[in-house]
Structures are given as C-alpha cells and as structure tokens.
Amino acid sequence: MTVAQPDVSVIIGAYEAMPYLIECLSSVEAQTIDPERVEVIAVDDGSTDGTGKYLEEFAERAPMHVLVIRQENSGGPSGPRNVGLSKATGRYVFFLDADDRLGPEALERMVGMADRAGTDVVLGKVEGVNRSAPKSMWGKTVERTDVFSSNIKFTLSAQKLFRRELLDRHGMRFDESLFTGEDALFTMEAYLRANGVSVVADHTCYYLVGRDDGKHVTKSGSYALRFDSARALMNLIAEHVPAGGRRDQLMVRPLTVTLLPQFGPKYLTDSEEIRRHKFELAKPLLDAHWTEGAAQRLRVHERLRLHLVAEQRPELLIEVVKFVKAKKQAAALLERKGRRVYLAYPHFRDRAAGIPDSVYLAEPREARAFPGYREGGAHTFVRRAVRKARRVLTSREVRSAA
Numbered sequence: 003m004t005v006a007q008p009d010v011s012v013i014i015g016a017y018e019a020m021p022y023l024i025e026c027l028s029s030v031e032a033q034t035i036d037p038e039r040v041e042v043i044a045v046d047d048g049s050t051d052g053t054g055k056y057l058e059e060f061a062e063r064a065p066m067h068v069l070v071i072r073q074e075n076s077g078g079p080s081g082p083r084n085v086g087l088s089k090a091t092g093r094y095v096f097f098l099d100a101d102d103r104l105g106p107e108a109l110e111r112m113v114g115m116a117d118r119a120g121t122d123v124v125l126g127k128v129e130g131v132n133r134s135a136p137k138s139m140w141g142k143t144v145e146r147t148d149v150f151s152s153n154i155k156f157t158l159s160a161q162k163l164f165r166r167e168l169l170d171r172h173g174m175r176f177d178e179s180l181f182t183g184e185d186a187l188f189t190m191e192a193y194l195r196a197n198g199v200s201v202v203a204d205h206t207c208y209y210l211v212g213r214d215d216g217k218h219v220t221k222s223g224s225y226a227l228r229f230d231s232a233r234a235l236m237n238l239i240a241e242h243v244p245a246g247g248r249r250d251q252l253m254v255r256p257l258t259v260t261l262l263p264q265f266g267p268k269y270l271t272d273s274e275e276i277r278r279h280k281f282e283l284a285k286p287l288l289d290a291h292w293t294e295g296a297a298q299r300l301r302v303h304e305r306l307r308l309h310l311v312a313e314q315r316p317e318l319l320i321e322v323v324k325f326v327k328a329k330k331q332a333a334a335l336l337e338r339k340g341r342r343v344y345l346a347y348p349h350f351r352d353r354a355a356g357i358p359d360s361v362y363l364a365e366p367r368e369a370r371a372f373p374g375y376r377e378g379g380a381h382t383f384v385r386r387a388v389r390k391a392r393r394v395l396t397s398r399e400v401r402s403a404a
C-alpha cells in the first residue's frame, strides 16, 4: 500500500514549552484539514520540563502522523527547524512555534490558497495574545503579490506556509550561526525567490502567544547580535536585488526594524564604551547600504538619527534621541508656498552642526499631516513636463504618419 504524500508538514521546534505546548498541539489536532493530509514533525531541543514526554504522548493519540525527535539543546530555533525540514515530506511546510497556536481552519485555508493561486509562500493573518503582532500587511486578502508590492517585508517571522520544492531547489535552511534574525533571513530569501506570495487576511490563522515567563522574546544577551542580524539581511538583499529603488525599498526593513532601535531610547542608558562600539558596528553597514533612496523612504526623525550614525556624529545624536524619547512634535516650517515641509528636530539649520536641510525635509506621506501643506513641487513639475513632452512627440508621430 502506497502512503499518499501529505499536503503539509507542520514543523514544531520545542524547548521548555510546557504548559503552552498543550494548547499548541490541541490547535493542530483541531484543524479541519483531513488528518491524512498532514504530518507533524516535532523536535524537542533538549527540554527538561516534560516537553519531550508530552510530545510522545501526543504522537500516540493524534489522528495524523507525528514524528518526534529528541536531541541535545542546540542553543537556538534554527537547529530544530532544520532537522524538521530535513525530515519533511509534505508539499508544503509550516513552522509552528511550540508556545503559539494555529487558528481554526488555518492549514486548510492556507493550503487551499497556495493550490488555487500557485504561489510559493502564503501568509496567514496573525493576532497577538498578550503581545504585539504585525498589522500593516493584513488590509485585504490577496491571491498573488510580492515583496515589492506589499508590506510583507515587515513580517519576516518563520510562521508562514512555504512550498517545500522551493526550499529544496535552492537548498534553503535556517542560518544556525545567527542567534537572532535567522527567521528574517530565511523568509526574505523565500519572498525574493518565490513565484508569488499570497496573503490570507480575512481569517486569523496564527496566534502569537506572549509567555508569562518572557521566554518567547529573542535573547538579548548582546546588542552585537542585532548588528549581525542586520548585516546578514542587508547582504542578502544586496545579493538578490540590483542597486536602485527596489533595493532601497527593501533596505528600509533592516534599517528601521533592526538597526535604528540600537540608536533609540536604550542608547541613552548605554555606557560610553557601548555607544562607541555601536557606532563602530554600524559604520560598515551604513557605508555599504545607506543611500539617498533609502533615506527618503524614512520619517524625518528616523532619517536624522541614521544620518548622524552614518556621518559618525555621536556628539549630536544624544539630543535627537532625547527629543524623540520625549515624544515631542517637531515644529513644521512650510516653504515654497507650502510645497515643502521641514521638521525642526534638533540641530536644524545649526551652522555648527552642518546637517543638510534635505535630512529634515518631510516626504509627502509625513508632510500631509501638517495644515497648509500643498502636495506637488519640483517632482510634480517634472512629471508635468514629461507628460507634455510625450504629448508633443505623440502629436508629431501622428502627423508624420498622416
């Protein structure tokens, strides 16, 4: 008798996951998809709290095939996920964290979407339970999109449905040398290589659970790990996307989510030694990847802070960070009949500081919040000139043809 290939392999890496594992596995057992279409591969990463024993008990009673692997602690989530991926036989794989849980019908809906749309990655709507969850990408259900046409770059956690053939074809695995941001690297590569990405936004497919003991939070043992994560993601983007607007668009993610927080409120409590080290770690990253195109995509206070880091101006950064921490609203200066809005954060038009006005210039998305702003200006003038030139050329072509 030939056993049919499962539709989806659910890979669970578990470490000290009790009692959250109970609800996690219950959510798997409650899925509406035919149990014969699912396999579960659970990797106990050296737990001492009964996690492995509970997984084995679940394997005995579960309606779907369950493989339990017990191993010595690997030190991070990448190892267990890679072990599970090496054993997976499903057409798709889904990475489920042992302290989170699936929403009802999640697997059925995501597999159905992937089959219908022919896409390689499916994002199911995520909701936070006692913790925050990404929101900007769940505006509507989309059968086919990509990382350039949506906000999916702001959800790079591993809890997605991936077509296994895509992962195997490119030899994709989690980077076990990274202790934070390994899922961002994996997911971004999948987005870039995928034959389309789908978004299921009309049904909650995943519950991101905040643990009372805080163990769901990425280990913060060293701020240097964040720079390692930013470097890896920036290098991946640069490797796959040619220099220009599309690369700048993606660089916004590591710049604002990974790098910028190192120069936020926490920076004020850092020692002078750590502050110097952060500037040293940031320098090669910004030398390589901080461009005018990326800067223009940021809000003024974000752009200003990263500009000061890129220019190695720590003596000016403190005042800016204090201003941002205080949640003050920078005064708006409207010029060119309201077509330009400058936000007067610290050091604006301070000759001694010498920061270009362009760093303080609000882009339209931010400028629209200020009364008196008139969207347009130089860019509008250029667009109008281009349209007029096209009309003239078209008119001449028509006359020539006549």
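Each number in the numbering used here comes from the position in the sequence shown (counting from 1) with 2 added on.
Cβ atoms here follow ideal geometry from the backbone N, Cα and C, with glycine treated the same way.
These numbers were taken from a predicted model, which means no experiment stands behind them.
### Query
Sorted by chain position, which residues of the same chain lie with C-beta nearer than 7 Å to Gly223's C-beta, five sequence neighbours on each side aside?
Reliability fails at Gly223, whose pLDDT of 49 lies under 50, so the model's placement of it is uncertain and the value that follows must be treated cautiously. Scanning its chain for C-beta atoms nearer than 7 Å, with the 5 sequence neighbours on each side dropped, one finds no residue around Gly223.
#### Entry: Helix, strand or coil at Ile357 [DSSP, three-state]
Look at Ile357 here: in three-state DSSP terms it is coil, with no helix or strand label.
### Message
Buried or exposed, going by whether 16 or more other CB atoms sit within 10 Å of the CB of Arg103?
### Response
Buried is the call here.
### Task
Alpha carbon to alpha carbon, how far is His349 from Val199? Give it in angstroms, no decimals.
Here the alpha carbon of Val199 sits roughly 43 Å from the alpha carbon of His349.
### Query
Is Lys155 closer than 8 Å to Trp140 when the C-beta atoms are compared?
One thing to note: Trp140 has its Cβ no nearer than 8 Å to the Cβ of Lys155.
### Query
Distance, Cα to Cα, Ala196 vs Glu167?
Each residue's alpha carbon lies about 11 Å from the other.
### Given 8 Å, three or more beta-carbon pairs between the region 68 to 78 and the region 144 to 162
Of all C-beta pairs linking the region 68 to 78 to the region 144 to 162, fewer than three are shorter than 8 Å, placing the two stretches out of contact.
### Query
Which two residues bound the contiguous beta strand (DSSP E) that contains Glu145?
Element bounds for Glu145: Val144 to Thr147.
#### Entry: Span of the beta strand (DSSP E), counted from its first residue to its last, around Leu335
Ala334 to Glu337 is the span of the beta strand (DSSP E), which, as asked, contains Leu335.
### Message
Please report the distance separating the alpha-carbon of Lys268 from that of Thr206.
### Response
The alpha-carbon separation between Lys268 and Thr206 amounts to approximately 33 Å.
### Message
Checking 8 Å against the spacing of the C-beta atoms, do Leu308 and Leu283 come in under that value?
### Response
Not a contact, by the Cβ cut-off of 8 Å.
### Task
Could you tell me if Arg305 is buried or exposed, where buried requires 16 or more neighbouring beta carbons within 10 angstroms of its beta carbon?
Answer is buried; the Cβ neighbour count reaches 16.
### Query
To the nearest angstrom, how far is it from the Cα of Gly173 to the Cα of Gly77?
Roughly 22 Å between the two C-alpha positions.
### Query
Three-state secondary structure (DSSP) at Phe150?
Secondary structure of Phe150 (DSSP, three-state): coil.
### Query
Quick one: what's His242 bridged to in DSSP?
DSSP, once it has assigned bridges, lists no residue as partnering His242.
### Query
Between Asp250, Gly86 and Asp36, which lies nearest to Asp46 when the distance is taken from Cα to Cα?
Looking only at Asp250, Gly86 and Asp36, the smallest Cα-Cα distance to Asp46 is reached by Gly86.
### Query
So is Leu57 buried or exposed if we call it buried at 16+ other beta carbons inside 10 Å?
Buried, since its Cβ has 16 or more Cβ neighbours within 10 Å.
### Exposure label - Glu59; buried when at least 16 CB within 10 Å
It is exposed - the Cβ of Glu59 has fewer than 16 other Cβ atoms within 10 Å.
### Message
So, for Ala297: in the same chain, excluding its five sequence neighbours on each side, which residues have a beta-carbon less than 6 Å away from its beta-carbon?
### Response
Around Ala297: Arg305.
### Query
Just checking, does the region 11 to 19 make contact with the region 36 to 55 on the three C-beta pairs under 8 Å criterion?
Contact between the region 11 to 19 and the region 36 to 55 is present, with at least three C-beta pairs closer than 8 Å.
### Task
Let me know if Leu310 comes out buried or exposed under the rule of 16 or more other beta-carbons within 10 Å of its beta-carbon.
So Leu310 counts as buried.
### Query
Whole alpha helix (DSSP H) runs in the region 102 to 186 with 4 or more residues, listed along the chain?
Within the region 102 to 186, the alpha helix (DSSP H) runs of at least 4 residues that lie entirely inside it are, in chain order, 108 to 119 and 166 to 171.
### Query
Roughly how many angstroms separate the alpha carbons of Arg146 and Leu109, rounded to a whole number?
When rounded, the distance between both Cα atoms is 18 Å.
### Task
With DSSP collapsed to three states, give me the class of Ala44.
In this structure, Ala44 counts as strand in the three-state DSSP scheme.
### Query
What separation, rounded to the nearest whole angstrom, lies between the Cα atoms of Trp2 and Ile239?
Residue numbering for the chain in the displayed model covers 3 to 404; residue 2 lies beyond these limits and cannot be assessed.
### Query
So, helix, strand or coil for Asp99, using DSSP?
DSSP places Asp99 in strand when its eight states are reduced to three.
### Query
What's the C-alpha gap between Val95 and Val243?
For Val95 and Val243, the distance between alpha carbons rounds to 26 Å.
### 7 Å Cβ shell around Ala116 - same chain, five flanking residues per side excluded
So the qualifying residues of the chain are Tyr94, Val124, Leu163, Arg165 and Ser200.
### Query
Taking Cβ positions, are Met112 and Val40 nearer each other than 8 Å?
No, the Cβ-Cβ distance between Met112 and Val40 is not below 8 Å.
### Task
Pull up the distance between the alpha-carbon of Ala355 and that of Ala312, whole angstroms please.
Straight-line Cα distance between these residues: approximately 14 Å.
### Task
Along the alpha helix (DSSP H) that carries Gly247, what are the first and last residues, could you check?
DSSP places Gly247 in the uninterrupted alpha helix (DSSP H) bounded by Gly247 to Arg255.
#### Entry: Beta-ladder partner(s) of Val311, from DSSP
For Val311, no pairing in a beta bridge is given by DSSP.
### Query
CA-CA distance, Ala6 and Pro37?
Across the structure, Ala6 and Pro37 are spaced so that their CA atoms are roughly 12 Å apart.
### Query
Hey, how far is the Cα of Asp352 from the Cα of His279?
As the crow flies, the alpha-carbon of Asp352 is around 27 Å from that of His279.
### Query
Could you give the distance in angstroms between the alpha-carbon of Glu321 and the alpha-carbon of Gly266?
Glu321 and Gly266: Cα-Cα distance of roughly 11 Å.
### Distance between Lys89 and Asp122 (C-alpha atoms, nearest Å)
Whole-angstrom Cα-Cα distance: 19 Å.
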